[in-house]
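*Asks:*
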Amino acid sequence: MDFGFPDIFISRETFGWTPQQAKVHMVPDYFSQSEWDLIVEVLGPNARHLFEIYALKQSSYYQALMSDKESTFEDIIDAYLAYLQVTVVNPAMDRALSLLQNFALDAQKGKIPKDKLRFGAPWKYPPNKDDPSLRSEWAKLQLMDFIQCFVNAEFGINYFGDCSLEIFDDPSANAMIEVGLLYVQRDPSFCRPISRAIQRCLVRWLVQERIKMGYKDSVLFQWHRVINADFPWWLLLTYLCIKFTIFHEQTATESLTSTSREEFR
6 MDFGFPDIFI
16 SRETFGWTPQ
26 QAKVHMVPDY
36 FSQSEWDLIV
46 EVLGPNARHL
56 FEIYALKQSS
66 YYQALMSDKE
76 STFEDIIDAY
86 LAYLQVTVVN
96 PAMDRALSLL
106 QNFALDAQKG
116 KIPKDKLRFG
126 APWKYPPNKD
136 DPSLRSEWAK
146 LQLMDFIQCF
156 VNAEFGINYF
166 GDCSLEIFDD
176 PSANAMIEVG
186 LLYVQRDPSF
196 CRPISRAIQR
206 CLVRWLVQER
216 IKMGYKDSVL
226 FQWHRVINAD
236 FPWWLLLTYL
246 CIKFTIFHEQ
256 TATESLTSTS
266 REEFR
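Under my numbering, residues 6 to 270 are what the sequence shown spells out, in order.
The following block contains the structure:
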């Protein structure tokens, strides 16, 4: 029940319009069918994207661009994606990095509950030193790792269906939700980017950051992926430690038993 309406939240779960809803809102009056198909495929049927694309279509820039016979509507889509990247996504990612740095500072001061820094969590070990540069590097590593995991999950995590509620303990996920790039829907229970356009811009951000990384940072990122993300090595190490302890105790017990038998004889 949200604001007295039981279905108001569910009806907005798609964070945009379906093609049928778009027809109700007179989208065919503003875009041709081919343009609409391209928008849905690349940007998603998000009301803000539709409004801004239509405004761009009415601008003198569009008229000058379309006067060139080699230009197509796809060029407008590319220009709009570049606009989103520079004015929306990149500043939002900078704010997310700032939130992660604040998380690292709070963890250093002991303000983060221990259950959020549990054993095996990729974010368990923020910098111990009060060094802004170390916190910045740690935040960048965490956010890049999170986006890479999101790419591998095809930009959709079913936190109920996959029993993955622990994602909301991840400071990167909370930062991305707080800056407005991700949203959490209830039916079905997915955490995902707010639109396909934002999704594409997140991939571009990750690629740009990977390109800017030096050799040392690239090795550190890959090491972080192997240890904390791609495979839970800590589970294997824990298992081996337990088996070694059991083996050691059994060996000691057998040795003690044999000694006692010799003394008894």
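For each residue, glycine too, the CB sits at the ideal point set by N, CA and C.
Assuming Q90 and R209 form a contact by the criterion Cβ under 8 Å, report the distance between their Cβ atoms to the nearest whole angstrom.
*Replies:* 6 Å
*Asks:* Among Y188, G115, H30 and F36, whose alpha-carbon lies nearest the alpha-carbon of F78?
*Replies:* F36
*Asks:* Tell me the residue span of the beta strand (DSSP E) that contains P131.
*Replies:* Here P131 belongs to no beta strand (DSSP E), and DSSP marks it neither H nor E.
*Asks:* Given H54, which residues of its chain have a CB within under 6 Å of its CB, disregarding the five upstream and five downstream residues?
*Replies:* L48 and A202
*Asks:* What does a CB cutoff of less than 6 Å around N107 pick up in its chain, not counting 5 residues either side in sequence?
*Replies:* The beta carbon of N107 sits closer than 6 Å to none of the beta carbons in its chain outside the five residues before and after it.
*Asks:* Would you call N31 buried or exposed, if buried means 16 or more other Cβ atoms sit within 10 Å of its Cβ?
*Replies:* The question names Asn, yet the displayed sequence has Met at residue 31. With fewer than 16 other Cβ atoms within 10 Å, it is exposed.
*Asks:* If you draw a straight line from the C-alpha of A272 to the C-alpha of D83, how long is it?
*Replies:* Residue 272 cannot be examined here, being either before or after the span of the chain that is shown, 6 to 270.
*Asks:* Tell me whether the beta-carbon of L105 lies closer than 8 Å to the beta-carbon of S177.
*Replies:* yes
*Asks:* When the Cα atoms are used, what is the spatial distance from E183 to P96?
*Replies:* 13 Å
*Asks:* Determine the extent of the beta strand (DSSP E) in which P176 is found, giving its start and end residues.
*Replies:* Premise fails: P176 lies in the alpha helix (DSSP H), P176 to E183, not in any beta strand (DSSP E).
*Asks:* Among residues of its own chain, excluding the 5 on either side of S141, which ones have a beta-carbon nearer than 8 Å to its beta-carbon?
*Replies:* L102 and Q106
*Asks:* Does the distance from the C-beta atom of I117 to that of Y85 stay below 8 Å?
*Replies:* no
*Asks:* In the DSSP assignment, find the unbroken beta strand (DSSP E) run with L104 in it and report its ends.
*Replies:* From DSSP, L104 is part of no beta strand (DSSP E) but of the alpha helix (DSSP H) over N95 to Q113.
*Asks:* Can you give me the C-alpha to C-alpha distance between C206 and L186, rounded to a whole angstrom?
*Replies:* Between C206 and L186, the C-alpha separation is close to 10 Å.
*Asks:* In whole angstroms, what separates the C-alpha of K121 from that of Q153?
*Replies:* 21 Å
*Asks:* In three-state DSSP terms, what is R53?
*Replies:* helix
*Asks:* For F195, which option in K114, E159, D222 and Q38 has the closest C-alpha, if you only look at C-alpha atoms?
*Replies:* E159
*Asks:* Can you tell me whether DSSP reads R209 as helix, strand or coil?
*Replies:* In the structure shown, R209 sits in a helix (DSSP, three-state: H, G or I).
*Asks:* Where do the N-terminal and C-terminal ends of the alpha helix (DSSP H) with R140 fall, by residue?
*Replies:* P137 to N157
*Asks:* Buried or exposed, going by whether 16 or more other CB atoms sit within 10 Å of the CB of E40?
*Replies:* buried
*Asks:* Please report the distance separating the alpha-carbon of N133 from that of E75.
*Replies:* 56 Å
*Asks:* For D136 and L110, what's the separation of their Cα atoms in angstroms?
*Replies:* 9 Å
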